[in-house]
Amino acid sequence: MQKIYYPAVFHVAEDVGGYWIEFPDLPGCFTQGGNEVEAMEMAKDALSLWLDKTGELFEYDIAKPSPIADIQKRFPNEIVMLIEGDPEYYARKYYTKAVKKTLSIPQWLNDKAIKANLNFSQVLQEALINKLGL
Numbered sequence: 700m701q702k703i704y705y706p707a708v709f710h711v712a713e714d715v716g717g718y719w720i721e722f723p724d725l726p727g728c729f730t731q732g733g734n735e736v737e738a739m740e741m742a743k744d745a746l747s748l749w750l751d752k753t754g755e756l757f758e759y760d761i762a763k764p765s766p767i768a769d770i771q772k773r774f775p776n777e778i779v780m781l782i783e784g785d786p787e788y789y790a791r792k793y794y795t796k797a798v799k800k801t802l803s804i805p806q807w808l809n810d811k812a813i814k815a816n817l818n819f820s821q822v823l824q825e826a827l828i829n830k831l832g833l
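Under our numbering, the first residue of the sequence shown carries the number 700, and numbering increases by one thereafter.
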């Protein structure tokens, strides 16, 4: 999945300061921030997390983003902004745990790689990144 933009509603949290943020198109996607900068960062993280389906046990549909004008009409007294979600960035940042893979290669290739003192895990990671165009 590539970067995607969703409208977010920023509500002023007068009682505690800062903002609480919701994404009307995405049920349960909420966050908060103590100031404008933190609120924007938290909104991007919350959206990216919500859109990331890595390791999900259950399938769920992701609604298409509503036009920002529609959300502004629903929330005329609030700040409405488009927030960029990047689930691939989120996955790369937070899913860094190594996963063991068993694979087979010809003996001659294994011997040459050992003599060249290659790190098999590193070579496989580099090859996968290259193959996937990441």
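Glycine residues also receive a C-beta, built at the ideal position from the N, C-alpha and C atoms.
### Query
When burial is assigned at 16 or more other CB atoms within 10 Å of the CB, is Asp760 buried or exposed?
Here residue 760 refers to the residue found at position 61 when the sequence shown is read from its first residue. It counts as exposed.
### Query
What residues in its chain sit with their C-beta under 7 angstroms from that of Val711, if we drop five residues either side in the sequence?
Translated into the one-based positions of the sequence shown, residue 711 becomes position 12. In the same chain as Val711, and ignoring 5 residues on each side of it, the C-beta atoms closer than 7 angstroms to its own belong to Tyr718, in chain order.
### Query
Over what stretch of residues does the beta strand (DSSP E) that includes Tyr794 continue unbroken?
Against the sequence shown, residue 794 aligns to sequence position 95. Per DSSP, Tyr794 belongs to no beta strand (DSSP E) and is neither H nor E.
#### Entry: Through-space distance from Leu808 to Leu725, alpha-carbon basis
Stepping through the sequence shown from its first residue, residue 725 is reached at position 26. Stepping through the sequence shown from its first residue, residue 808 is reached at position 109. Approximately 49 angstroms between the Cα atoms of the pair.
### Query
Does any residue of chain B bring its CB to less than 8 angstroms from the CB of Met780?
Among the protein chains of the structure shown there is no chain B, as only one such chain exists.
### Task
Write down the C-beta distance between Ile804 and Tyr705 rounded to the nearest angstrom, noting that I regard them as a contact closer than 8 angstroms.
Along the sequence shown, read from residue 1 onward, the residue named residue 804 stands at position 105. Along the sequence shown, read from residue 1 onward, the residue named residue 705 stands at position 6. Their Cβ separation, rounded to whole angstroms, is 44 angstroms, which puts Ile804 and Tyr705 out of contact at 8 angstroms.
### Task
List the endpoints of the continuous alpha helix (DSSP H) containing Ala826.
In the sequence shown, counting from the first residue as 1, residue 826 sits at position 127. In this chain, the alpha helix (DSSP H) harbouring Ala826 covers Phe819 to Leu831.
### Message
Helix, strand or coil for Pro706? Go by DSSP, reduced to three states.
### Response
Within the sequence shown, the letter at position 7 stands for residue 706. If DSSP states are grouped into helix, strand and coil, Pro706 belongs with the strands.
### Task
Can you give me the Cβ contacts of Leu746 inside the same chain, cut-off strictly under 7 angstroms, excluding the 5 residues immediately before and after it?
As a position in the sequence shown, residue 746 is number 47, starting the count at 1. Once the five neighbours on either side are set aside, the close Cβ partners of Leu746 are Tyr705, Phe722, Cys728, Ile782 and Gly784.
### Message
What does the alpha-carbon distance come out to for the pair Ile767 and Lys799?
### Response
To locate residue 767, count along the sequence shown from 1; it is residue 68. To locate residue 799, count along the sequence shown from 1; it is residue 100. Their Cα atoms are separated by approximately 44 angstroms.
### Query
According to the Cβ coordinates, are Pro786 and Asp744 closer than 8 angstroms?
Taking the sequence shown and counting its residues from 1, one reaches residue 786 at position 87. Taking the sequence shown and counting its residues from 1, one reaches residue 744 at position 45. Not in contact: Pro786 and Asp744 (Cβ atoms no closer than 8 angstroms).
### N- and C-terminal bounds of the beta strand (DSSP E) containing Val779
One-based indexing of the sequence shown puts residue 779 at position 80. That run of the beta strand (DSSP E) goes Ile778 to Gly784.
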